[in-house]
Amino acid sequence: MLSASPIGDRPYFDLGPSDGVAWDQPRVTMQLIDEAENIIGPTTFNEWLLDTGANTILGFQTAVGDMTGPPAYQTEGQFEELGVGGTSLYDISKSYRFDFAGESGIRNTLPDTRIITDATRDVSIFGPYGIVGMPAMTQRVTTLDFTPWTTIEGLDLFMKVDFSNDVPAYAGPRYTVAVDNRFEYFPEPHVIPLGGPPPAWADIPFLSAQLLHNGQTSSGNFLFDTGAQVSILNRRMAFELGLDTNNDGELDSKDASYARNETISGISGSTSVPVFLIDEVHVPTEEGPDLVWTDLQWLVLDIDPGIDAVFGFDNMTSGWIEAFAKDGKSGYIMQSHLDFRNYETTGQGKIYFDINPEISAVVDPNGPGAAIDESGGLTSVSETGVTDTYTLRLTTAPTADVRVTLDSPDDQQATAVDANHPSHNYLDFTPLNWSIPQTVLVSAIDDSTPESFHRTFVRHTSTSSDPAYQAVGMPRVVINITDNDYPGVMLIPSDGATEVTEGGATDTYQVVLTFPPTQPVTIAMANVQNQVTATALVGGGNSLVFTPENWDVPQTVLVTAVDDAFSEGTLKTYISHSLTTEDTDFQQAFILQEVVTINDNDVADTTPPRVLDVQVGSSSWNAPFIDAVDGGGIANGNGRGLSLAGPEQLKNLPWINIDRIYIQFSEDVADSLSPAKIALAGTNIANYMPGLTLAYGEDGINVATLRFASPIANDSLILSLLDTITDAAGNPLDGEWSDASSTSSGDGTAGGRFDFRIDVLPGDVNNNGGVNTADLYDDYDMVGTVVKNISHAYYDVNGNGGVNTADLYDAYNWIGRILPSPPARSATASLANVSLANEVSRTKPAVNPSDLPVLLGGLGTETRLRTARTLPHNRVTSATEPESKTLDGDGLLGSAAPQIVPTSVTPPGKSWRDLVENFWERADYDGLMVASQLAIQTPMIAPPIVVPSRPEGIARNRRARDESEERDSAAEEPFQFIVPYFPTGFDRRS
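Per my numbering, the sequence shown runs over residues 415 to 1404.
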């Protein structure tokens, strides 16, 4: 149980500690009725759980056994259902009328409804006997009513449920949380046999929330699940919260916040998962303040990629257990209304929380209220007489006197008084002393009830004639109580807190048992890796042994800070303890963690991390090719791929197999980096992130790797990094990419989103924004080249270290493609590495009316329109409407006659510009005048075609060849090669 705190200075409403396990859950009564109005049942086991976390309606063994008829319950297919335990097969019923009712008994009807059932097992012998999911809650308001617990009558111990067409009015404080169907699951693929009728189905609701633990936050998509007795977070969020305190990659009993392992059961079986203690969950509301639950005990479990966490019903019943024993007292939430009236059409819903007005107070960290400082970071007392203190002051100057009452909801557990006036359970502040902290003394009440370790809290309520301080929200303080009537362990910090300094001061705390054991008890202290060590002051070692003779003699633990070279500032860490003994009573003893404050001795790091480079690579590129493009030659470059920072960043990338993006950071950002802080958006594919995996450090120091399941096809992409990525010192990413020739991000000031343009167009070796015959000519000119540098590499389309006919084929497969326009600028913060001028030319290769389109030979009968290559010429009769165009030279075509059928010079009504724009060409090859529609043949069996050298007088490509480039000895010019055709479906690489 921890005191609530704000996230980002947002105001919050403290809903107290979560129950850990839901005290009760909503239920409805139901019936199945056939088309003849016969009641199928069940007649006895017809009270089923109302579950927002279920897409459909499910029945279990006991309920199915209660529907044997006549008429008997019938099924017509099977369904594969997903639950926390995995997947399992359910039967799909025939179509029935499904009736259900809440407390009012008024029937609600779902006609023509198919449910799923399992006649072989129950979830447990105590129920539920079935689950009524979202199909029953859409198009209506469902009210969850906890107020019957305020005054218990007889044996009626259950909460109530009812349905209506409108949200009931409420005179007290009400907060609204938006939910939606952001992830949709479809039943049809899980029906057996495929194509059979699916069960009743409706989307499940998600809300946005944040978890907070030891100052670390993690956001995600939370399933709002009334059917979950406990709450769950996935492993991604657990690691972001720092729950892996020993950094071993596992979440288990060796971690400081580990509580226990729990076996949980669901519709598809059971599974054992770890339970971790987490500080807080924050749920934003439409009214502004966050709703905050503290002292969480959440399971860590990956259920489904779309579900980051499950917001279980244990949060909804908070406060009711402590109020249950006191007639007339209530928990935090009086009622909750689930408004799904327009859910089927809009996918949007709302959850209304009606708050107990007796405890309603919003804490605004930026407004009037109280500031509290707990010695040692927490308040712990013992029934043996050990007390503790904390201080409280006002946050702003009042205009009148303010009295702050110290109220414990359970006055049989602990007392809180003014330390200077022990008879006062209040503190008085004036406009003169409002900023001076006053001390509160907390004592445990020594009762005779065995309670083990337990907790209570002190609430602070204000009264004043100053309206700003009348009943203003103030934080509460949690009181940790060690019982002396039950086996337990108590920690006693020296001077009330444990504080150490790297390379300097150490500190100690004491450990003592609260009850005499019957067998020796060993308590082990866990060192916190790279932060502190904890050893026995006497004898050393990391454990203490207590016996039936010395159980009440405190033993001292020495705490020493690990002196590292990292500047971390002042931070807190937690020493955890484990207990072993043959005493069965002590085996269940609870031990607190010891909070340690660490003062750093390193110079503060104020330098923000930057992005030094973005590189592209491929799992298919071989070592010689990588050596040619990685900037250092053989074994001296980055060893990964092509660096885009600098002159290469605006070029189209012509390789067919790019499936890696590497991001080189200036320093370590591993602790803050996650897929949620990276975006990769394209034009042809809007979001690449779902198909990627993120690795860090595997391909180099401070290198993040984005790995694609398949190579990037033709697309214009924007790689974005949020400035919530930080280094070890907490400095945010300096991410601005300032211009089109930068070699590092940043403007010298911490903060700023990183946006970087990457253009991929396989086969575009001449970088003109489209793939056409010119790229084939340019690539052909380089055939035989051994790739030794970046200039060569742009022609090695498959990245195998040499330019050959395979590269021509690879480029040929992309003819006609053009690079799309980049994603809209409004979607990104800045795109400084791209100029507007470049974007215009990238849209489509420019066509000049004075250029002659030249076609690579070998056109066949099955055709698809493609983009033409434009080449300059000098024999033009008219700049706008030439009557003829000729090409001088040795002839474009070889001895194997191409399949070009002469046609009319100009189709009726078509100008030369029309011909160019519509991919027509006309040329005089050795006196043969032809005009042909440009097309590329679908591979088929045909005689081989000879592709000759480039005709004289035709300009070479814009990526000019280096005269010193290395070529194979067999490839000396003049060079000709044979391009065979293969049958459709033939693998040419074989």
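Where is the CB? At the ideal position from N, CA and C, for every residue including glycine.
Query                                                                                                                        : Result
Residue 789 in three-state terms, based on DSSP                                                                              : helix
Inter-stretch contact at 8 Å, needing at least 3 Cβ pairs: the segment 728-737 / the segment 548-557                         : no
Cβ-based neighbour list, residue 668, same chain, cut-off 6 Å, excluding 5 preceding and 5 following                         : 660
Length of the line joining the Cα atoms of residue 1191 and residue 715                                                      : 56 Å
Between the CA atoms of residue 844 and residue 866 - distance to the nearest angstrom                                       : 41 Å
Presumed contact (8 Å Cβ cut-off) between residue 944 and residue 976, rounded CB distance                                   : 6 Å
CB contact flag (residue 735, residue 437, <8 Å)                                                                             : yes
Backbone CA spacing between residue 522 and residue 509 [nearest angstrom]                                                   : 17 Å
Ranges of the beta strand (DSSP E) found wholly within the segment 732-778, counting only runs of at least 3                 : 747-753, 762-769
Of the listed residues 1147, 635, 952, nearest to residue 1168 (C-alpha basis)                                               : 1147
Member of 982, 1039, 1035, 1052 whose CA lies at the smallest distance from the CA of residue 1019                           : 982
Pair within 8 Å by beta-carbon distance, residue 363 and residue 444                                                         : Within the shown structure, residues of the chain are numbered from 415 to 1404, placing residue 363 beyond reach of any answer.
Own chain, CB closer than 8 Å to residue 421, minus 5 neighbours either side, in chain order                                 : 624, 626, 631, 696, 704
DSSP state of residue 1204 mapped onto helix, strand, coil                                                                   : helix
CB contact flag (residue 653, residue 636, <8 Å)                                                                             : no
From 956, 854, 424, residue whose alpha carbon lies closest to that of residue 702                                           : 424
Cβ-Cβ separation, residue 891 to residue 793 (assumed contact under 8 Å), whole Å                                            : 6 Å
Residue 1216 in three-state terms, based on DSSP                                                                             : strand
Residue 526 versus residue 599: straight-line alpha-carbon distance, rounded                                                 : 21 Å
Inter-residue CB distance, residue 971 and residue 951 (contact presumed, cutoff 8 Å)                                        : 7 Å
C-alpha gap between residue 773 and residue 611, whole angstroms                                                             : 50 Å
Pairwise C-alpha distance: residue 1126 and residue 685                                                                      : 39 Å
Nearest-angstrom beta carbon gap, residue 974 and residue 914 [assumed within contact, 8 Å]                                  : 6 Å
Whole-angstrom distance between residue 1053 and residue 1150, CA atom to CA atom                                            : 26 Å
Secondary structure of residue 836, DSSP reduced to three states                                                             : coil
Beta-bridge pairing of residue 431 - partner residues as DSSP gives them                                                     : 708
6 Å Cβ shell around residue 1217 - same chain, five flanking residues per side excluded                                      : 1196, 1197, 1199, 1209, 1210
Range covered by the beta strand (DSSP E) that runs through residue 608                                                      : Per DSSP, residue 608 belongs to no beta strand (DSSP E) and is neither H nor E.
Residue 1042 - containing alpha helix (DSSP H), residue span                                                                 : 1037-1043
Counterpart residues of residue 922 in DSSP-defined beta bridges                                                             : 972
Beta carbon of residue 1174 nearer than 8 Å to that of residue 1129                                                          : yes
Residue 1070, buried or exposed, once every other Cβ within 10 Å from all chains shown has been counted against 16           : buried
Straight-line gap, residue 446 to residue 511 (C-alpha atoms, nearest Å)                                                     : 6 Å
Nearest candidate by alpha-carbon position, reference residue 1092, set 713, 1170, 841, 678                                  : 1170
Residue from 1188, 760, 1094, 1159 whose Cα sits closest to the Cα of residue 595                                            : 760
Neighbourhood of residue 882 by C-beta distance below 6 Å, restricted to the same chain and skipping five residues each side : 782
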